[in-house]
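K.L.:
In this note's numbering, the protein residues as written are 1 to 53.
1) Can you give me the start and stop residues for the beta strand (DSSP E) that residue 14 sits inside?
2) Given 8 Å as the limit, is there contact between the region 27-37 and the region 7-19, that is, 3 or more CB pairs closer than that?
3) In angstroms, rounded to a whole number, what distance separates the CA positions of residue 44 and residue 3?
4) If I'm right that residue 9 touches residue 20 with Cβ under 8 Å, what's the distance once you round it to whole angstroms?
5) Looking at the secondary structure, which residues open and close the alpha helix (DSSP H) in which residue 32 lies?
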């Protein structure tokens, strides 16, 4: 899970900047290839790997 630093900003179809997300955002990987992509994507944030029992 990559917890994105800051809040996402949205844009209207006109290109005008809208508001920010109302809550923190994250990207979730579903396999090793996805995780590698998140490591290399350059998006600022914290990448964590859940530990399963």
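Beta carbons: idealized from backbone N, C-alpha and C, even for Gly.
P.N.:
Taking the coordinates as given:
1) Taking the chain shown and counting its residues from 1, one reaches residue 14 at position 14. Unbroken run through residue 14: none, as it is neither H nor E.
2) no
3) The residue given as residue 44 occupies position 44 in the chain shown. The residue given as residue 3 occupies position 3 in the chain shown. Looking at the two C-alpha atoms, the distance is approximately 9 Å.
4) Looking up residue 9 in the chain shown gives position 9. Looking up residue 20 in the chain shown gives position 20. Contact flag correct, Cβ pair sits at about 5 Å.
5) Counting from one through the chain shown, the residue named residue 32 turns up at place 32. Here the alpha helix (DSSP H) through residue 32 covers 32-40.
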